[in-house]
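Protein chains in written order, with my numbering: chain S, 167 to 514; chain P, 167 to 514. Beta carbons: idealized from backbone N, C-alpha and C, even for Gly. Since we're looking at a predicted model, the values are computed, not measured.
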DNA sequence: CGGGATGGTCGAACCGGTTCGACAGGGGTG
DNA sequence: CACCCCTGTCGAACCGGTTCGACCATCCCG
């Protein structure tokens, strides 16, 4: 069922069918209706590859996955979902590209083979060769996150510096003096992940400003690592009374570590950080945190990309978000007495 | 940089370049090397749309998203990640299609416009018109989950009946007599979600077999709903001592509800269910559960689909998995005394 | 009433690959 | 030596759309 078939049955030429469909040239009512009837009868839909070949637009955007690869956090899930939905609203499909496995190969697929009109990158690093590469190739891309040269690029990002600082101030206001910072995994920090770096930065500076005693940690993206990390924290400085985490996936483990150590949240120990709302609400007590507006960010990224695709030479645009801290139940004033060493409510 | 350009610079015809690349006809070593040099110099990559148009294969598979839409569970994330990676290994891209928003439209995009060679469907319902539709169209598809007529289709699925029954037996063996079942949301059950139905079935039958007193509930896919659900459970029958859940996203809320009610897990109350390992490990105490092998299922689905694409007329194949229960820390023998009405460790 | 817009349609070229048939030349076989 | 087969290459057709230029009617305006 190709356009030629439709043309034949409607008794017109192929170009007339095309114009009837696209509206790029006038077509009389009679013929348009005749064509439409045939199309409806046969359930005809124009072939996407042929169309893409002819006009150079695939109406597909590439969503480039984390270079991390081994697994995904809940935040990433929210990004993916919102990007897909926003793209659908603009009549774009989304092609997933795992930049983790074999970056060059999948980039070649996306760009070299022209599978997509533009790309959205996740998990940006401060020095990100993927971004440099796309920039050099003048390929339309939007980052979720900022590189170290944010002016060059199109992006939507979270102000992790401000967010981490806000967490520090919140804790300092509650009287906490010894605070730990739980970052993403060592490997990602080394690789230059922007959220990990800027978050650490914001934390460190704000803590210095408030004269806090701090220790910073990296922690694997899973619950067992979180638990282990918490044990290290209390081992290194048992007088720690609060922590700030950027590590969503470790959150459950951190809580477990606290429970095992007999520290009650928030009575003996306060926890806060930067986490998507959905995950902040799954732990008990619910996490007081700067909620990552993942859905909004995905939508914004698509909007920027579509805008860029529509006018290829527009100057870079960006959007920096800094959501406020949502007060829930995991932080409180520092206790006046030293924390008890073990609660009654601990598992064996 | 198209194939004609390469041909010109290498001093051969376009078809020779094509054959040098595909190997479908012999090409002399000399010319092959000459061509390869030009290709390397120019960084040429064949255009995917043109190729797809010419040979009818897009080398893309569609991943059809839940009809549920409003948000995604962790299990789905694992499916997506593993499907993308497995597909990459077979040199396929993955196109995401939100069947939730406007099912017909996105199906038309995938199938009618020939954007993909085949599809993987998630969140199958017992009567699933998407599956019927694909079957009628002879479109190569593989389901993650089973319809009510599993013989017709290609699928990889979890034996929720057996899994739910295993949970019941596990609890019964520990002496529990009054058990609640926490299912996916009402809406999904009504829509005929297979996991919800077969899970409920397995639970009910096994409970009858063991002579247990049970109540079954549906519960929204989020923590607050889980908490509310647990309150209902204890309100309806305060003597309940255990629950089985299929609802991963509600898990955190169920735990919170228990904590608020002063029921200690697993001393006063046992919790088990069917949940992906990663999420079973984030709660404290860690959940004893039948671990959903999401990564393996995604990989298997891709393998089946690739097989089906390679030989279009093969008879349906399927794979039914029933992972064993992983013993962690959330279940235990039923207490000999009635549970205390409130603990000392509850938040205000 | 002549001439220039305007509306409506067609044929042909093009996008960038793949593939088929044809053919030239060399080597082996009867 | 005639024949055939195989290797290596080319030109042309094709996949299914879009778009440009040309053409013929009308219609409006001066």
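Residue 494(S) has its alpha-carbon roughly 21 Å from the corresponding atom of residue 406(S). Taking a C-beta distance under 8 Å as the contact criterion, residue 337(P) and residue 497(P) qualify as a contact pair.
Secondary structure note for residue 453(P): it is in no beta strand (DSSP E), with a DSSP letter that is neither H nor E. Excluding residues up to 5 positions away in sequence, 486, 488 lie with their Cβ nearer than 6 Å to the Cβ of residue 325(S) in the same chain. Listed in chain order, the non-local C-beta contacts of residue 285(P) below 6 Å within the same chain comprise 228, 230, 307, local neighbours out to five positions each way being set aside. Fully enclosed beta strand (DSSP E) runs of no fewer than 3 residues occupy 284-287, 307-310 of the region 263-313 of chain S, in order along the chain. At a cut-off of 8 Å between beta carbons, residue 274(S) contacts chain P. Going by beta carbons, residue 356(P) and residue 387(P) fall outside the 8 Å limit. The beta-carbon of residue 312(P) is placed no less than 8 Å from the nearest beta-carbon of chain S. Closer than 8 Å to the CB of residue 471(S) there is not a single CB belonging to chain P.
Residue 463(S) is classed as buried because its beta carbon has at least 16 other beta carbons within 10 Å across all chains shown. Close CB contacts of residue 383(P) within its chain, under the 6 Å cut and outside five residues either way in sequence, are with 348, 395 (chain order). Look at the beta carbons and you see the region 302-322 of chain S touching the region 357-366 of chain S: at least three pairs across the two are nearer than 8 Å. Residue 221(P): member of the alpha helix (DSSP H) spanning 214-221, first to last residue.
For the region 340-371 of chain P, the set of positions with a beta-carbon nearer than 9 Å to some beta-carbon of chain S is empty. Secondary structure note for residue 470(S): it is in no beta strand (DSSP E), and the uninterrupted alpha helix (DSSP H) holding it is 460-476. When secondary structure is reduced to three states using DSSP, residue 195(P) falls in the helix class. Between residue 261(P) and residue 239(P), the C-beta gap is not smaller than 8 Å, which leaves the two residues out of contact. Contact annotation for residue 215(S) against chain P: 215, 218, 219, 224, 280 [CB-CB distance below 7 Å, chain order]. Excluding residues up to 5 positions away in sequence, 389, 392, 449 lie with their Cβ nearer than 7 Å to the Cβ of residue 418(S) in the same chain. Between residue 199(S) and the set 224(S), 173(S), 214(S), 223(S), the nearest pair of CA atoms involves 173(S).
Under the DSSP assignment, residue 408(S) falls in the beta strand (DSSP E) whose first and last residues are 408-411. DSSP, read as helix, strand or coil, puts residue 421(S) in helix. Under the DSSP definition of a beta bridge, residue 259(P) partners with 226(P).
Contacts with chain P at 8 Å (Cβ-Cβ) do not include residue 180(S). Under the criterion of beta carbons closer than 8 Å, residue 457(P) and residue 443(P) qualify as touching, at roughly 4 Å. About 7 Å separates the beta carbons of residue 437(S) and residue 420(S), which is inside the 8 Å limit, making them a contact pair. Identification of chain S residues near residue 246(P) by a Cβ-Cβ cut-off of 9 Å yields 238, 243, 246, 262, ordered along the chain. Close partners of residue 295(S) in chain P (Cβ separation under 7 Å) are lacking, with about 16 Å as the shortest Cβ gap. When the alpha-carbon of residue 169(P) is set against those of 492(P), 206(P), 248(P), 222(P), the nearest one is in 206(P). Note: residue 168(P) is not bridge-paired with any residue in the DSSP secondary-structure output.
Cα atoms of residue 412(S) and residue 290(S): separation of roughly 15 Å, rounded to the nearest angstrom.
Under the Cβ criterion of 8 Å, residue 499(S) is not counted among the residues facing chain P. Taking CB atoms only, residue 421(S) has a neighbour in chain P less than 8 Å away. By the rule that beta-carbons nearer than 8 Å mark a contact, residue 171(P) does not touch chain S.
Legend: CB atoms of the region 463-489 of chain P lying less than 8 Å from CB atoms of chain S are not found in any residue.
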